[in-house]
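Asks: Before I ask anything, here is the structure I am working with.
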Amino acid sequence: MDYKVEEVLGNYKLLRYPKTTNKSLRAWSNAELLVADYVKEKNSETVHVFNDRFGVWNCLLNEKRITTIWTYASQKKAITYNLELNKLDVEIEYKSPLDTLKEVDLALIKIPKSLELFELFLQQIHKSATSKIEVVCGFMTKYFSASYLEIAANYFEEVSQTKAWKKSRLLILKSPKKNEYKSLINEIEWKDTFLTQYYGVFSSGKIDIGTRFLLDNFKMKSNEIKVLDVASGNGIIAYDVLEQNKNAEVTLIDDFNLAIASSKLNVLSKKTKFVCDDTLDSLSEAYFDLVVSNPPFHFEHENNIEITFNLFEGVEKCLKVDGRFVLVANKHLNYKTYLLKLFKVVGIIAVNNKFVIYECLK
Ligand SMILES: C[S@@+](CC[C@H](N)C(=O)[O-])C[C@H]1O[C@@H](n2cnc3c(N)ncnc32)[C@H](O)[C@@H]1O
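Going letter by letter, the sequence shown gives residues 65 to 426 in this note's numbering.
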């Protein structure tokens, strides 16, 4: 393993979607390059790729028959963007992590931050694995822990690691064990019910304390009917909106397909719309009376406030004049300066030692 990054990347150009001004954020990691180099000579007919966040494998391994298991709407856009940039065919086969796969004999995973999501991927692979299956997982050593090995060992007899290359390493899994599958759905107690969510969706064991603070302090007004829940996760905010007013017409939007799939299990009103997207561009302008959110600022191992600010701009566009945007945020993020650039009034509904709830008027 004495090759250089440029040798693996060759003439391929890979850029980030969404674009960022942060020059330290790249569209590829050494872990993904290490995987690509390891599998390029393998003569497996098909390859299933998981968490190919910006399309590195879809580009570098384009000569193979790839099935991409997608998790984020922004990931699909990034893959298309990079395939076009490299003048490659953009017609690729997508499956969701909940789909049944055809025979899998080579699978690539960029290990996600969420252990639960890693397990969900492994279970999906295991269910369709052939006896000669090889699962090649790439990771940056600073993000790895023994817990990933424990999960892998529940599904595969052979679990081995390669030597490190530029702070990255491979975990290779072979020989699927005979398994009883456990349910990969969490149940969270909330008021007099249980909310359910697939493994990997935000705040798996309990309701997030920021969200709880928001819901303890937020009251809808009687004229707020058209409501948008931005970055909706398991749908708890939309669920609460409908508890407050069962006539509300709620739209939920989240970038993560398992979040949207989970919210469909929790928010059952027939008037509800579910949108899997990373921007609000597809929503009608000046349409909503109220937007409520616990917005994201962590994206896997990165913090990227630019994405949060883009969502705020989208909120401003799709709110009616005099409409309300209520959001909870960690106090240290200090969103007020930015919100004041977009909204005519930015007030505070409640604050505690960790969180603040802003109320913005368009
Ligand atoms: C802090 S969580 C809030 C989830 C849920 N509302 C709650 O309170 O439990 C943020 C959510 O933002 C989603 N997300 C991340 N980037 C996004 C984007 N660009 N557009 C929409 N949702 C996004 C994540 O998938 C995650 O579900």
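Every residue gets a Cβ at the ideal spot worked out from N, C-alpha and C, and that includes glycine.
Buried or exposed for V409, please, with buried defined as at least 16 other CB atoms from any protein chain shown within 10 angstroms of its CB.
Replies: Along the sequence shown, one-based indexing puts residue 409 at 345. Looking at its Cβ environment, which holds fewer than 16 other Cβ atoms inside 10 Å, V409 is exposed.
Asks: Go ahead and pull the three-state DSSP assignment for R388.
Replies: Looking up residue 388 in the sequence shown gives position 324. If DSSP states are grouped into helix, strand and coil, R388 belongs with the strands.
Asks: If you draw a straight line from the alpha carbon of G269 to that of A295, how long is it in whole angstroms?
Replies: Translated into the one-based positions of the sequence shown, residue 269 becomes position 205. Translated into the one-based positions of the sequence shown, residue 295 becomes position 231. So the alpha carbons of these two residues sit roughly 18 Å apart.
Asks: Among C382, K196, W229 and H190, which residue has its Cα nearest to the Cα of K206?
Replies: Reading the sequence shown from its first residue, position 142 is the one you call residue 206. Nearest of C382, K196, W229 and H190 to K206, Cα basis: W229.
Asks: Unbroken beta strand (DSSP E) runs of length 3 or more, entirely within the segment 135 to 213: which are they?
Replies: Those beta strand (DSSP E) runs which fall completely within the segment 135 to 213 and span 3+ residues are 157 to 159, 168 to 174 and 193 to 204.
Asks: Under 7 Å, do L292 and F338 count as touching if we go by C-beta distance?
Replies: Taking the sequence shown and counting its residues from 1, one reaches residue 292 at position 228. Taking the sequence shown and counting its residues from 1, one reaches residue 338 at position 274. Not closer than 7 Å, so no.
Asks: Please list, in chain order, all residues of the same chain as D345 whose beta carbon is under 8 Å from its beta carbon, the five residues on each side excluded.
Replies: Within the sequence shown, the letter at position 281 stands for residue 345. Counting only Cβ-Cβ distances below 8 Å, and skipping sequence neighbours, we find G378.
Asks: Return yes when the C-beta of F320 is under 6 Å from any heavy atom of ligand 1, and no when it is not.
Replies: Locating residue 320 in the sequence shown gives position 256, counting from the first residue. Yes, the Cβ of F320 comes within 6 Å of a heavy atom of ligand 1.
Asks: On the premise that V265 lies in contact with A302, defined as a C-beta separation below 8 Å, what is that separation, rounded to the nearest angstrom?
Replies: Residue 302 sits at position 238 when you count from the first residue of the sequence shown. Residue 265 sits at position 201 when you count from the first residue of the sequence shown. About 14 Å separates the two Cβ atoms, so there is no contact after all.
Asks: What's the call for V200, buried or exposed, on a 16-neighbour Cβ count within 10 Å?
Replies: Taking the sequence shown and counting its residues from 1, the one referred to as residue 200 is at position 136. Flag for V200 reads buried.
Asks: If you measure from the CB of D272, is any heavy atom of ligand 1 nearer than 6 Å?
Replies: What you label residue 272 is simply residue 208 of the sequence shown in a count that begins at 1. Result yes, Cβ under 6 Å from ligand 1.
Asks: Should A464 be counted as a contact of ligand 1 given a C-beta to heavy atom distance under 6 Å?
Replies: The structure shown does not extend to residue 464, since the chain is modelled only from 65 through 426, so no value can be given for it.
Asks: Would you say the beta carbon of F338 is closer than 6 Å to some non-hydrogen atom of ligand 1?
Replies: Along the sequence shown, one-based indexing puts residue 338 at 274. No; taking the cut-off as 6 Å, the Cβ of F338 has no heavy atom of ligand 1 nearer than that.
Asks: What's the gap between the Cα of D318 and the Cα of C340?
Replies: If you number the sequence shown from 1, residue 318 lands on position 254. If you number the sequence shown from 1, residue 340 lands on position 276. Their Cα atoms are separated by approximately 5 Å.
Asks: Does the Cβ of Y262 have 16 or more other Cβ atoms within 10 Å, making it buried, or fewer, making it exposed?
Replies: Counted from its first residue, the sequence shown places residue 262 at position 198. Y262 is buried by the Cβ-count criterion.
Asks: Quick one: give me the first and last residue of the alpha helix (DSSP H) that L332 is part of.
Replies: Reading the sequence shown from its first residue, position 268 is the one you call residue 332. Per DSSP, L332 belongs to no alpha helix (DSSP H) and is neither H nor E.
Asks: Return yes when the C-beta of S195 is under 6 Å from any heavy atom of ligand 3, and no when it is not.
Replies: Absence of ligand 3 is noted for the structure shown, with ligand 1 being the only ligands found.
Asks: Kindly indicate which three-state DSSP category I289 falls into: helix, strand or coil?
Replies: Locating residue 289 in the sequence shown gives position 225, counting from the first residue. DSSP places I289 in coil when its eight states are reduced to three.
Asks: Assess contact between the segment 74 to 93 and the segment 136 to 143, defined as three or more Cβ pairs (one per stretch) separated by less than 8 Å. Is contact present?
Replies: The segment 74 to 93 is in contact with the segment 136 to 143.
Asks: Within 8 Å, do at least three Cβ pairs link the segment 109 to 119 to the segment 164 to 179?
Replies: The segment 164 to 179 vs the segment 109 to 119: in contact.
Asks: Alpha carbon to alpha carbon, how far is E307 from G299? Give it in angstroms, no decimals.
Replies: Mapped onto the sequence shown, residue 299 falls at position 235. Mapped onto the sequence shown, residue 307 falls at position 243. Looking at the two C-alpha atoms, the distance is approximately 12 Å.
Asks: Given this structure, state the Cα-to-Cα distance separating E244 from D272, to the nearest angstrom.
Replies: Translated into the one-based positions of the sequence shown, residue 244 becomes position 180. Translated into the one-based positions of the sequence shown, residue 272 becomes position 208. Distance between the alpha carbons of E244 and D272: 31 Å.
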